[in-house]
Amino acid sequence: MGNCCSDVGGGMTAIGGTAPSTSTSNQNDAADWYFKSHGIHGIFSQIELSFSATNLRDRDVFSKEIRLRSGKWGVEGKKSHCMEKSDPMVVVYIQERDGAFTEVFRTEVVLNSLNPTWITKYTITYQFEIVQILLFRVFDVDTQFHNVEVKMLKLEEQQSLGEASCALSEDPFLVISKVVESGLSIPVCKTEVSKNDLNPTWKPVFLNIQQVGSKDSPLVIECFNFNSNGKHDLIGKVQKSLADLEKLHTGREGENLFLPTPVGHDNQNKALKSKLFVEKYSETVQYTFLDYLAAGFELNFMVAIDFTASNGNPRLPDSLHYIDPSGRLNAYQKAIYEVGEVLQFYDADKRFPAWGFGARPIDGPVSHCFNLNGSSNYCEVEGIRGIMMAYTSALFNVSLAGPTLFGHVINRAAMIASQSLANDAKKYFVLLIITDGVITDLQETKDALVKASDLPLSILIVGVGGADFKEMEILDADKGERLESSTGRVASRDIVQFVPFRDVQNGPSVVQELLAELPSQFLAYMRSREIKPCS
Numbered sequence: 001m002g003n004c005c006s007d008v009g010g011g012m013t014a015i016g017g018t019a020p021s022t023s024t025s026n027q028n029d030a031a032d033w034y035f036k037s038h039g040i041h042g043i044f045s046q047i048e049l050s051f052s053a054t055n056l057r058d059r060d061v062f063s064k065e066i067r068l069r070s071g072k073w074g075v076e077g078k079k080s081h082c083m084e085k086s087d088p089m090v091v092v093y094i095q096e097r098d099g100a101f102t103e104v105f106r107t108e109v110v111l112n113s114l115n116p117t118w119i120t121k122y123t124i125t126y127q128f129e130i131v132q133i134l135l136f137r138v139f140d141v142d143t144q145f146h147n148v149e150v151k152m153l154k155l156e157e158q159q160s161l162g163e164a165s166c167a168l169s170e171d172p173f174l175v176i177s178k179v180v181e182s183g184l185s186i187p188v189c190k191t192e193v194s195k196n197d198l199n200p201t202w203k204p205v206f207l208n209i210q211q212v213g214s215k216d217s218p219l220v221i222e223c224f225n226f227n228s229n230g231k232h233d234l235i236g237k238v239q240k241s242l243a244d245l246e247k248l249h250t251g252r253e254g255e256n257l258f259l260p261t262p263v264g265h266d267n268q269n270k271a272l273k274s275k276l277f278v279e280k281y282s283e284t285v286q287y288t289f290l291d292y293l294a295a296g297f298e299l300n301f302m303v304a305i306d307f308t309a310s311n312g313n314p315r316l317p318d319s320l321h322y323i324d325p326s327g328r329l330n331a332y333q334k335a336i337y338e339v340g341e342v343l344q345f346y347d348a349d350k351r352f353p354a355w356g357f358g359a360r361p362i363d364g365p366v367s368h369c370f371n372l373n374g375s376s377n378y379c380e381v382e383g384i385r386g387i388m389m390a391y392t393s394a395l396f397n398v399s400l401a402g403p404t405l406f407g408h409v410i411n412r413a414a415m416i417a418s419q420s421l422a423n424d425a426k427k428y429f430v431l432l433i434i435t436d437g438v439i440t441d442l443q444e445t446k447d448a449l450v451k452a453s454d455l456p457l458s459i460l461i462v463g464v465g466g467a468d469f470k471e472m473e474i475l476d477a478d479k480g481e482r483l484e485s486s487t488g489r490v491a492s493r494d495i496v497q498f499v500p501f502r503d504v505q506n507g508p509s510v511v512q513e514l515l516a517e518l519p520s521q522f523l524a525y526m527r528s529r530e531i532k533p534c535s
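When we follow the UniProt record's numbering, the leftmost residue of the sequence shown carries the number 1, and every step to the right adds one.
Take a look at the structure:
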């Protein structure tokens, strides 16, 4: 084949290497062709592998003896140092059933590169039902073999630069759809994606009769392989009703997935070896948020306001606490008014605990939880108007200080919720924290939130001003990772919703963003405690 090398780091002009179309020798080529000829795709998929490497070891730094002769004068035995980079090549192996690895592919050789990108690619037939282990070894090809075809190179004569392995696997997820009279399937729910898992177990999904029609209505359950481009591959599907799924659970039996035969072919749907099992099946009455409100449950509003010095002098117009004589509300007032106006209707007595934090009351030390009304005995104020008046009064009776600590006010709110729980009151508490800065007691706040997650309490946080609120986003477990305390305890549920005020000034209102998750947090608590509206 001649020269099989390239002196271009990316291998752009390389020749040599085994044919790009080379694929693993497997027993399913005929079956793959058969299914594809009948319009069935997805059982066996062709995957093209490209290869690149970074920071390879340099094996070509060495001293070489050079013998020179010029005319009748001879100069021998001079030492010269050659500084060349490695000339890497990738060799691919696949693990057979007996555990041994068989070589299936070689790339071209890229000259003088520690960060090569090879041209030749390897195509392998991916099979969902088989774990396919691949081994990749990188060799530095010695200069004397640069004119030898790569397939003729003896690997034992080359230097190893390292190896890596991987398993071809799926990222499966399920989509459950109901079948309407027209025959169309309408999705009603889906599972999470199970990463790199050929035997996935998904989290429970919840369906209600209103979604699916009846217990005997047909459901299509499709298993897809997740692709980041949004074009997910169908692995297989089943059609079952809720009654059928209950039978599968009771009998501890699995149902084979199948791939549908396209219209125009006489063959039956192709049954796969993959099976769907129902690990758990139960029927319960799921009460709604309105069911609890109708039964007399209340939402009790509480508020905590940041009085740290980073807000600026309240007497100056550039302060976040500036009280505009024209009556224009500042960010703190807007948040109190918008959230309070909604929640007050779910609170029978409309007496709201209100605190400040991060300030120094007159003739006192810095307090991280003081009563906004100035009282040393009680923290409640009358209505939203009462909160507004207490807030304005506090601005002229405390000195802004710091630092920004949340732990104290969260623990105070949690204590009230705990006392209410002990009295079996039909109350759920909502604490609104309004702040302008980054908290300095992050771990203490996490500890307080984890402890409070067992109580009838949700916490709404509004960030005002232009500060970096990344730490606040950590507290809001919207990405699925629950908070963990310093002792390793994990929060029983997500109770925090954070919204930067600047993000909603020109879009949805603060109250819409903040209260969006409140009903689900309320229901999560009630269901975890098995509290029914009538109890």
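C-beta: ideal position from N, C-alpha, C; glycine also.
Please read these numbers as outputs of a predicted model, since none were measured by experiment.
Check: Going by Cα to Cα distance, which pick from 442, 282, 182 and 227 is closest to residue 218?; Outcome: 182
Check: If you measure between the beta carbons of residue 254 and residue 231, is that distance less than 9 Å?; Outcome: no
Check: Check whether the Cβ of residue 332 lies closer than 8 Å to any heavy atom of the ligand FMN, and answer yes or no.; Outcome: You won't find the ligand FMN in this model; it holds no ligand whatsoever.
Check: On the premise that residue 461 lies in contact with residue 433, defined as a C-beta separation below 8 Å, what is that separation, rounded to the nearest angstrom?; Outcome: 5 Å
Check: Ends of the alpha helix (DSSP H) at residue 305?; Outcome: Element bounds for residue 305: not the alpha helix (DSSP H) but the beta strand (DSSP E), 298-306.
Check: Would a C-beta distance cut-off of 9 Å place residue 301 and residue 333 closer than the cut-off?; Outcome: no
Check: Using DSSP with H/G/I as helix, E/B as strand and the rest coil, what is residue 252?; Outcome: coil
Check: Rounded to whole angstroms, what's the CA-CA distance from residue 105 to residue 170? Just pull it up for me.; Outcome: 23 Å
Check: Assuming contact is defined by CB atoms lying nearer than 9 Å, are residue 336 and residue 391 in contact in what I supplied?; Outcome: yes
Check: Check this for me: beta carbons of residue 417 and residue 305, under 9 Å apart or not?; Outcome: no
Check: What does the Cβ neighbour count give for residue 47, buried or exposed, with the cut at 16 atoms within 10 Å?; Outcome: exposed
Check: Pick out whichever of 490, 447 and 453 has its Cα sitting closest to the Cα of residue 523.; Outcome: 453
Check: Does the segment 369-378 touch the segment 308-321, meaning 3 or more C-beta pairs lie closer than 8 Å?; Outcome: no
Check: Which one of 208, 50 and 525 has the shortest CA to CA distance from residue 123?; Outcome: 50
Check: Could you check what DSSP says for residue 340 in three-state terms: helix, strand or coil?; Outcome: helix
Check: With 16 as the cutoff for other CB atoms within 10 Å, does residue 534 come out buried or exposed?; Outcome: exposed
Check: May I ask you to report which of helix, strand or coil DSSP gives residue 140?; Outcome: strand
Check: Report the option in 189, 389, 258 and 436 whose CA atom is closest to the CA atom of residue 404.; Outcome: 436
Check: Pairing CB atoms from the segment 133-150 with CB atoms from the segment 179-195, are three or more of them under 8 Å?; Outcome: no
Check: So who's on the other strand from residue 48, going by DSSP bridges?; Outcome: 123
Check: Taking 8 Å as the cut-off, does the segment 487-495 touch the segment 349-364 (at least 3 CB pairs, one atom from each stretch)?; Outcome: no
Check: Output the boundary residues of the beta strand (DSSP E) element that contains residue 461.; Outcome: 457-463
Check: Distance, Cα to Cα, residue 515 vs residue 198?; Outcome: 39 Å
Check: At what residue ranges does the segment 379-467 contain a whole run of the alpha helix (DSSP H), taking only runs of 4 or more?; Outcome: 383-395, 407-422 and 442-452
Check: Could you check how far apart the C-beta atoms of residue 449 and residue 499 are, in whole angstroms? I think they sit under 8 Å.; Outcome: So it is not a contact: roughly 17 Å between Cβ atoms.
Check: Just to confirm my understanding: we take residue 41, look at its own chain, exclude 5 residues before and 5 after, and list those with CB closer than 6 Å. What are they?; Outcome: Only weak support is given to the placement of residue 41: the predicted model assigns it a pLDDT of 45, under 50, and the value that follows is read from those uncertain coordinates. Excluding residues within five positions, none has a Cβ falling inside 6 Å.
Check: Among 91, 292, 201 and 152, which one has its Cα closest to the Cα of residue 527?; Outcome: 292
Check: The beta strand (DSSP E) with residue 209 in it runs from where to where?; Outcome: Note, residue 209: premise wrong, no beta strand (DSSP E); alpha helix (DSSP H) at 209-212.
Check: Could you tell me whether the Cβ atoms of residue 158 and residue 136 are closer together than 9 Å?; Outcome: no
Check: Report, in whole angstroms, the separation of the C-beta atoms of residue 167 and residue 132, which I expect to be a contact under 8 Å.; Outcome: 7 Å
Check: Over what stretch of residues does the beta strand (DSSP E) that includes residue 106 continue unbroken?; Outcome: 101-106
Check: How many angstroms separate the CA atom of residue 428 from the CA atom of residue 530?; Outcome: 15 Å
Check: For residue 143, which of 177, 196, 87 and 174 has the nearest alpha-carbon?; Outcome: 87
Check: What span of residues does the alpha helix (DSSP H) with residue 471 cover, start to end?; Outcome: 470-475
Check: Give the secondary structure of residue 515 by DSSP, where H, G and I count as helix, E and B as strand, and everything else as coil.; Outcome: helix
Check: Taking a contact to mean a Cβ-Cβ separation below 9 Å, would you say residue 220 touches residue 160 in this structure?; Outcome: no
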